[in-house]
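Enquirer: Take a look at the following structure, please.
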Amino acid sequence: MEVVDVRPILAPFVSFLCAGLVFGFGRSIFWRRFFTFLAAFIKMALVLSMLPGTLQGVVYVYQFVEFTPGIGIGFRADAYGMFFSLVSSTLWVFTTIYAIGYMQGDRDRVRFFGFFALCVSTTVGVAFAENLLTFFLFYETLTICTYPLVVHAETPEALRAGRIYLTYTLIGGGFALVGAVMTLNAAGTLTFAAPGILGMESGVATLAVIFLCLIIGFGVKAAIMPLHGWLPIAMVAPTPVSALLHAVAVVKVGAFGVTRVIYNVFGVELLRELGFATPLALLAGFTIVAASTIALTQDHLKRRLAYSTISQLSYIVLGAALLTPLAATAAVLHIANQAFAKITMFFVVGAITRTTGKKYVSEIDGIGARLPWSMAAFSIAALSFVGVPLTAGFITKWYLALGALEADAWWYVLVLITSSLLNAGYFFPILHRAYFRQAKEPWPPLEPGRRFETPKTLLFPIVICAAYVLLLGVTAEVPGMPFSVAQVAVDGFFAPVGGGP
Amino acid sequence: MTGPWAEALPWAIVLPLVGAALTPAVAVRHPRVSGFWAWGVLLVTAVLTAGLVSELVARGPFSYGLGGWAASYGIELRFDHFSAWVLPLVVLFVVIVPFSWRYLDHVMPDERRPPFYALLLLNAGGMIGFCVTGDLFNLFVFTEVVSLSSYALVAVGGRGLAAFAALKYLFIGAVSSLLMLFATAQLFVLSGSLNMADVSLRLGEIGGGTAVMVAFAAYAVSFMVKAAMFPVHVWLPDAHAIAPSPVSAVLSGMVVKVGIVGMLRIYQIYFGAEVLELGAFNLALVWLGAISIVMGAFFAIFQDDIKLMLAYSTISNIGYIVLGLGLASPYAVIGAAVHVFNHALIKATLFLAAGSIIHQTGFRTLSDLRGVARTMPQTSAAMAIGAVSIVGLPPTAGFVCKWYIALGAFEANQAPFGFALVFGALFIFIYYIRMLNAFYFQPPVHASVAQASETPWSMRGPVVLLASLCLILGVLGGIPLTFVEPAVLDLLPFWGQ
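Those sequence lines, one after another, are chains A and B. Residue 219 in numbering that gives the first Met the number 0 is what sits at position 220 of the first sequence, and the numbering runs on without skipping anything. Residue 258 in numbering that gives the first Met the number 0 is what sits at position 259 of the second sequence, and the numbering runs on without skipping anything.
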C-alpha cells in the first residue's frame with residue numbers, strides 16, 4: 000500500500016537545512032551544536048515515526064519535481080530504505096556526540112560539521128530514492144560532500160588521499176551514470192520495482208553491459224575488490240569521518256546500491272535466468288577472504304579496520320548475489336550489524352588515539368587497564384565480527400550460511416568459516432595485547448577532575464553502540480527491531496517470485 | 000492572431016541599440032552614470048522580452064512585419080521557441096552589469112565607462128536581433144554588430160596584450176563574417192529571397208545541388224568559428240582571458256552561442272527544404288564535439304591562470320553542445336539546447352567569481368591564489384559550485400545536459416560517444432579539483448591573499464545569485480525544457496541520419 004507522505008523528503012531535508020544553518024551560524028559553538036543535535040533528533044524522530052507503518056507494509060512516497068519527462072526526483076520509503084535510513088539516522092546521533100568530543104580544538108569545525116550534515120542528508124536521500132536517477136543524484140552528491148572531510152587535515156597526505164578517493168568514486172559514478180542511462184533506454188523507466196524493471200527483451204549483451212556498469216559504479220563505494228583501493232587510504236580523515244562515512248554511510252551506500260540493482264533493477268528472476276550474479280558472488284567471496292588476509296598484516300589500527308570493512312562489506316554483496324531469501328535477509332541485516340560493530344571499533348580507536356596518542360597495534364600493550372570500558376566495547380565488537388552467538392555478527396553468518404545452502408553453494412559456508420577464523424586472527428591479537436601484556440611505559444594519567452577513562456562524549460557513544468551490538472544479537476525475533484524490518488524488505492524482494500523466508 | 004506583446008517585438012532590439020547610442024550623451028557630465036543607465040535600459044528590455052516569451056507560451060510563435068510590410072516582401076522579425084533564448088540572455092546581462100560597476104574601477108578610468116557600456120548595450124541588442132530576425136541579411140548584420148562590439152570589448156581593458164588578443168579575434172572573426180556574407184549572397188542568388196521561411200520554401204523547389212551545399216558549408220564553417228569549436232578555437236582563450244571579467248562572462252557565456260543559434264537557424268532553413276542528407280555532416284559534428292571536449296580539457300590542465308583555464312573549458316562545453324547536435328536524437332538535441340543556457344549561467348558564475356577574486360587580491364594564477372577561500376568564503380563557494388557544475392556533477396545545472404546528451408547518445412546507438420561524454424567530463428574535473436584544492440586546502444603564500452576582504456555587495460550579490468541558480472536549475476532541470484522541447488521536436492522530423 001502506498002501513501003503519499005512528506006516525511007520521506009523531510010528526513011533528508013532536515014539535515015540539509017542543518018548544514019545550511021551550520022555554515023551560516025556555525026562560528027558560535029553553541030549554535031553549531033544546537034543545530035546539529037536538533038537536526039539529528041528530528042530526523043531520527045521522523046524516521047522512527049514511519050516505522051510502525053512500514054512494519055504493516057505501508058510504503059510512503061513523495062514526488063518532488065519532474066526532472067525529465069516521466070522521471071522525477073522522487074522519494075519512496077520502502078522497508079529496505081527504511082532499514083538503511085534507520086541505521087544511518089541512529090548512528091548520526093551517536094557520531095555527532097562523538098565528533099563534538101573528538102574534534103574539540105580542531106581546525107575548521109564549521110566546515111567539518113556542515114559537510115558532515117550534508118553527507119548524512121544525502122545518505123538518507125539515497126535510502127529513500129524512488130528511482131535510479133534520484134539515487135544517482137544523491138550518490139554523486141555524497142562523493143562531493145565527503146571530499147572536504149577526507150582532506151580535512153590539509154596535509155599533503157590528506158590531499159593525496161582525497162585525490163585518490165575522488166578518482167575512484169568519480170570514475171565509478173561515471174559508470175553508474177552510463178548504467179542508469181542505458182537502463183532508461185532499455186526499460187523506459189527508472190523507478191525501482193519489486194520484480195525489477197529490466198526484461199529479457201533488451202538482449203543479453205545489453206543487459207550484461209548495464210549490469211557491469213551499475214555494479215562497477217556502486218561497487219566502488221562498496222569496495223568490492225579490485226575497486227577497494229581508496230578505502231584504506233581515506234583513513235587519513237578524522238576518526239568520526241572514518242567511523243560514520245567510511246565504515247557506515249559511504250560504503251553502505253555502495254552496498255545498498257548493489258542490492259538495489261540486484262533486486263529492484265534486474266530482479267531475482269531475471270538474474271537467475273541470466274546468471275550474472277554468480278561471478279559477483281565469487282568476487283565477493285574472494286574479497287571476503289583476501290581483504291581479511293591483508294588485514295592480518297596491517298599494524299596501523301585504522302587501516303586494519305579498513306581492510307576488515309572491505310571484507311565485511313562483501314558479506315552484503317555476497318548475500319545479495321546468492322539470490323535466495325535467507326541470504327538476502329543476511330545481506331539486509333548485515334547493513335546494521337556491521338555498522339554498529341564497526342562504528343564501535345572506530346570510536347574506540349579514535350578514543351585510544353585521542354587519549355594516548357597511539358595509532359598502531361604494536362603500541363597498545365596493556366591498554367585494557369587504561370581504557371577498560373572502551374576495550375570491553377571493542378571486545379564485544381570483535382566477537383561480533385568473529386560471529387560468536389549472542390552478538391549481531393552471528394545472526395548474519397547464520398542466515399548467510401543458510402542462504403548459501405539454500406542456493407546449493409555450500410562452498411560459501413567454507414568461505415564464511417575461513418573469514419571467521421581470519422577475523423579472529425586479526426582482532427584477537429589486539430585483545431591479547433590490550434589485556435594480557437604489560438604496558439611498555441606507564442599510560443598518561445587521567446587529567447585531574449576527570450572521572451572517566453576518556454572524555455565522556457567519546458565514551459558514551461562507544462558504550463551505547465556496543466550495547467546495541469549485543470541487543471541486535473539477542474533480540475532478533477522481537478517485533479519492531481531491525482530484524483522485522485529486514486524481513487519485510489526481503490518479502491518485498493521475493494514477493495513476485497514466491498517463497499519468502 | 001497576435002497578442003499585445005507581439006507589437007513590442009521590434010522594441011526589444013531598438014531599445015538597447017538606441018540606449019547604446021544615447022549612453023555617451025546621458026553620461027556626459029558624470030561618466031559613472033552610464034553604468035546605471037545601461038542597467039536601466041537592460042532592465043526594461045528584460046521586461047519586454049519576458050512579455051514576448053509569455054506571448055510565445057500563450058499563443059505560439061509569432062511574426063512582426065517591419066513597417067507594416069508582410070513577410071517575404073518586408074523585413075520579418077520572428078519570435079519562435081529558439082528566440083526564447085533572448086530572455087535568459089537579457090537576464091544574465093541584467094545580473095552582470097551591476098557587477099561591472101565596481102569591478103571597472105581597477106580596469107579603466109571613469110571617462111572610458113560610457114563607451115564601454117555603449118558597447119555592452121550594442122552587444123546585447125545585436126544578440127537579441129540575431130535571435131529574433133527572420134531575415135538572412137539581417138542575421139548577417141546582427142552577427143556583425145555582435146562581433147564588432149565584442150572585438151572592442153576585448154580591447155577595452157587597454158593593456159598591450161588586450162589589443163593583441165582583440166586583433167587576433169578580429170582577424171579570425173572577419174574571415175568567418177566573410178564566409179557568412181558569401182553564403183547569404185549565394186542563397187539570395189539561388190532563391191531570390193532573403194526571408195528565411197521563404198528561402199526554405201524556394202530551396203525545396205530548386206532541390207539540392209552543389210551551390211546549395213556550398214552555401215551550407217560556408218554557413219557551417221562560419222558559425223563554427225564563432226562558436227570556437229576545435230580546431231578553429233584559437234582566437235578564444237586569449238580574448239576571453241584578457242577581457243575584463245564581466246566581458247569574459249558575456250563573451251564566453253553568450254557570444255559564442257551566436258554560433259550555435261546560427262547553426263540552428265540554418266538547420267531550420269535546410270531541414271524545411273529537405274534538401275540535405277546530413278548523415279556525414281552529423282558524424283563530423285559528433286567527432287568534432289568529442290575532440291573539442293577532450294582537447295579543451297587537455298589544454299586547460301596546463302593552465303595556471305584561472306581565467307585562461309575557464310576560457311579553455313568553454314571550448315569543452317561547446318564540444319558538449321555540438322556533440323549533442325551531431326547525435327541528432329531528440330534527447331541529445333534537447334540536452335544541447337538546454338546547455339546553451341546552462342553553460343551561459345555556469346560560465347557567468349565562474350568568470351564573475353574569478354573576477355571578484357582577481358579584483359580583491361590582484362593575483363590570477365592558482366599558485367598565487369592559494370588559501371583565498373579563507374578570506375573570501377562566499378565568492379569561493381560560488382566558484383566551487385560553478386566548478387562542480389561545469390563538470391556536470393549533480394545536483395547542479397551542468398548535470399542536466401550531461402544526462403540528456405548521454406541519454407541521447409545511447410538512444411542513437413552511439414554508445415562510445417556516451418562513454419566519451421561521461422568520462423571526458425571527469426577529465427575536466429582534474430583541473431577544477433586543482434583549483435579547489437588551492438583555494439580551500441592550501442595555506443596562503445601572499446599577504447594580500449591572506450588579508451583580502453570579500454567583495455562589495457554589488458559584486459557579491461550577482462555572484463551568489465548566479466551560483467544559487469546553478470544549484471536550483473540542477474534540481475529543477477525540467478524548466479528550460481518547456482521552451483526547448485517544442486522547438487527541437489519541430490526540427491527533428493527532418494533531422495535523422
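Note that beta-carbon positions come from the ideal geometry of N, C-alpha and C, so glycine has one too.
Does the beta carbon of A/Val219 sit closer than 7 Å to a beta carbon anywhere in chain B?
Expert: It does not; no Cβ of chain B falls within 7 Å.
Enquirer: Which residue wins for smallest C-alpha separation from B/Val106, given the options B/Val249, B/Ala20, B/Ile241 and B/Gly191?
Expert: If we check each option's Cα against that of B/Val106, B/Ile241 comes out closest.
Enquirer: Taking a Cβ distance cut-off of 7 Å, strictly less, list which residues of the segment 468 to 481 of chain A are near chain B, in chain order.
Expert: Answer in chain order: no residues at all.
Enquirer: Mind checking if B/Pro23 is an interface residue toward chain A, Cβ cutoff 7 Å exclusive?
Expert: Not an interface residue.
Enquirer: Measuring only between beta-carbons, confirm whether B/Ala405 sits less than 7 Å from chain A.
Expert: Yes, B/Ala405 lies at the interface with chain A (some Cβ there is under 7 Å from its Cβ).
Enquirer: Please report the straight-line C-alpha distance between B/Gln359 and B/Ala466, rounded to a whole angstrom.
Expert: Near 19 Å, if we compare the C-alpha coordinates of B/Ala466 and B/Gln359.
Enquirer: Find out if the Cβ-Cβ distance for the pair A/Val235, A/Ala294 is shorter than 7 Å.
Expert: Going by C-beta atoms, A/Val235 is not nearer than 7 Å to A/Ala294.
Enquirer: Checking contacts by CB at 7 Å: is B/Gly172 closer than that to chain A?
Expert: Answer no: the Cβ-Cβ gap between B/Gly172 and chain A never drops below 7 Å.
Enquirer: For A/Ala76, list the residues DSSP reports as bridge partners.
Expert: Partner(s): A/Tyr59.
Enquirer: Assign B/Leu76 to one of three DSSP states: helix, strand, or coil.
Expert: Strand.
Enquirer: Leaving out five residues on either side along the sequence, give the residues of the same chain with a beta carbon under 8 Å from the beta carbon of B/Phe298.
Expert: So the list reads Pro236, Tyr311 and Ile314, once near-sequence residues are dropped.
Enquirer: Which residues in chain A sit within 7 Å of B/Ile74, going by Cβ to Cβ distance?
Expert: Simply none; closest approach about 37 Å.
Enquirer: Residues of chain A with CB closer than 9 Å to the CB of B/Leu392, please, in chain order.
Expert: The contacting residues are Glu139, Thr140, Thr142, Ile143, Leu169 and Gly172.
Enquirer: Going by beta carbon distance, what residues of the same chain come within less than 6 Å of B/Met382, once the five residues before and after it are set aside?
Expert: For B/Met382, where only same-chain residues beyond five positions count, the Cβ hits under 6 Å are Ala352.
Enquirer: Three Cβ pairs or more, each shorter than 8 Å: is that satisfied between the segment 8 to 18 of chain A and the segment 112 to 123 of chain A?
Expert: Verdict: yes, contact present.
Enquirer: Using CA atoms only, rank isn't needed, just tell me which of A/Thr323, A/Met480 and A/Ala376 is closest to A/Tyr502.
Expert: Past the edges of chain A, shown from 0 to 500, lies residue 502 of chain A, and the structure says nothing about it.
Enquirer: Taking A/Met181 as the query, report the chain B residues whose CB atoms sit under 7 Å from its CB, ordered along the chain.
Expert: Result: Phe409.
Enquirer: Expressed to the nearest angstrom, what Euclidean distance is found between the alpha-carbon atoms of A/Phe459 and A/Gly104?
Expert: Each residue's Cα considered, the two are about 20 Å apart.
Enquirer: Between A/Val240 and A/Val109, which are expected to be in contact by the criterion C-beta below 8 Å, what is the C-beta distance as a whole number of angstroms?
Expert: The pair is not a contact, with the Cβ atoms about 15 Å apart (cut-off 8 Å).
Enquirer: Using a Cβ-Cβ distance cut-off of 7 Å, determine whether B/Phe440 contacts chain A.
Expert: Judged by the 7 Å Cβ criterion, B/Phe440 is in contact with chain A.
Enquirer: Mind checking which residues open and close the beta strand (DSSP E) that includes A/Val150?
Expert: Counting along the chain, A/Val150 falls outside any beta strand (DSSP E), and DSSP gives it neither H nor E.
Enquirer: Just to confirm the assignment, what range does the alpha helix (DSSP H) spanning B/Phe181 have?
Expert: First-last of the alpha helix (DSSP H) with B/Phe181: Gly159 to Ser190.
Enquirer: Would you say B/Val144 faces chain A, with C-beta separation under 7 Å as the test?
Expert: For B/Val144, the answer is no, since every Cβ of chain A falls outside 7 Å of its Cβ.
Enquirer: When you compare the CB of B/Phe78 with every CB in chain A, is at least one pair closer than 7 Å?
Expert: No - not a single Cβ of chain A is within 7 Å of the one on B/Phe78.
Enquirer: So which residues on chain B does A/Leu165 lean against when the C-beta distance must stay under 8 Å?
Expert: Those are Phe428 and Ile432, listed as they occur along chain B.
Enquirer: Using CA coordinates, which residue listed in B/Ala238, B/Arg31, B/Ala196 and B/Leu121 is at the minimum distance from B/Ile171?
Expert: For the residues B/Ala238, B/Arg31, B/Ala196 and B/Leu121, the minimum Cα distance to B/Ile171 belongs to B/Ala238.
Enquirer: The beta strand (DSSP E) that contains B/Tyr63, what's its start and end?
Expert: From DSSP, the beta strand (DSSP E) with B/Tyr63 extends over Phe61 to Gly64.
Enquirer: If you follow the beta strand (DSSP E) that A/Val2 is in, where does it begin and where does it stop?
Expert: Unbroken beta strand (DSSP E) run through A/Val2: Glu1 to Val3.
Enquirer: Helix, strand or coil, according to DSSP, for B/Ala497 in the structure here?
Expert: Since the displayed chain B opens at 0 and closes at 496, residue 497 of chain B lies outside it and no answer follows.
Enquirer: Is DSSP giving A/Ile70 helix, strand or coil here?
Expert: Here A/Ile70 sits in strand by DSSP.
Enquirer: Quick one: list the residues of chain A neighbouring B/Asn436, beta-carbon separation under 7 Å, in chain order.
Expert: The answer, in chain order, is Leu158.
Enquirer: Kindly indicate which three-state DSSP category B/Asn194 falls into: helix, strand or coil?
Expert: The answer is strand: DSSP assigns B/Asn194 an E or B state.
Enquirer: Could you name each continuous alpha helix (DSSP H) segment of 4 residues or more that falls completely within the segment 387 to 444 of chain A, going from the start of the chain to the end?
Expert: You should have 391 to 405 and 410 to 435.
Enquirer: For A/Phe66, would you say it is in contact with chain B, using Cβ-to-Cβ distances shorter than 7 Å as the test?
Expert: Chain B contact via Cβ: present.
Enquirer: Going straight from the alpha carbon of A/Leu389 to that of A/Ile163, what length do you get?
Expert: Those two C-alpha atoms are separated by around 39 Å.
Enquirer: Give me the Cα-Cα distance between A/Ser87 and A/Gly124, rounded to the nearest whole angstrom.
Expert: Each residue's alpha carbon lies about 11 Å from the other.
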